[in-house]
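Chemist:
Residue numbers (my numbering): 186 to 362.
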């Protein structure tokens, strides 16, 4: 086992080994992990790959340990880059464009199609909610996206994110450029 994997396992056991209903990982706790050479993306990918959990990114802080949906669908991802991106960028009044299929040949690039005024919402910090994968369906099949038809779902942990956590290309355009 590599030194980085040992650090990730140790961090996981420290925070997820407690009896708390919802584990909260604020920026302060995560900065310690980063100082040890482990990115938030690597830690979140560990949760998906080794613990079978899914991620939901949002610029909004959820209340009462639940994620809610007005459309009766909760979306989640098994790719931390997507959840981190969604924790910092809002799709309100803009079209966020990115591929469902991401790999070494097709890296993640976020394209933001803005209205004529060029405005979009980007936060300095956001939230990635960790959820159990039970009841989620992979749609489209083989992609990073998972969907569960429900009005609300419990989350087991929340990880606070910041701008430095999203390390991918961002392109901003509108129809008047």
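Heads up, the beta-carbon is just placed ideally off N, CA and C, and yes, glycines get one too.
1. How big is the Cα-Cα spacing for residue 193 and residue 344?
2. Quick test of the definition: if touching needs 3 or more C-beta pairs under 8 Å, does the segment 273–283 touch the segment 302–320?
3. Among the residues of its own chain, which have a CB less than 7 Å from the CB of residue 359, if the five just before and after it don't count?
4. Please list, in chain order, all residues of the same chain as residue 385 whose beta carbon is under 7 Å from its beta carbon, the five residues on each side excluded.
5. Would the segment 256–272 count as touching the segment 225–244 if we require 3 or more Cβ pairs under 8 Å?
6. Taking only runs that begin and end inside the segment 319–352, name each unbroken beta strand (DSSP E) of 3 or more residues, in chain order.
7. Can you name the start and end residues of the alpha helix (DSSP H) that residue 224 belongs to?
8. Does the Cβ-Cβ distance between residue 307 and residue 320 come in under 7 Å?
9. By DSSP's criteria, residue 315 is part of a beta bridge. Which residues make up the other side?
Modeler: So, from the listed chains and residues:
1. 14 Å
2. yes
3. 298, 299, 300, 301 and 303
4. Residue numbering for the chain in the displayed model covers 186 to 362; residue 385 lies beyond these limits and cannot be assessed.
5. yes
6. 330–333, 337–339 and 342–347
7. Unbroken run through residue 224: none, as it is neither H nor E.
8. no
9. 240 and 342
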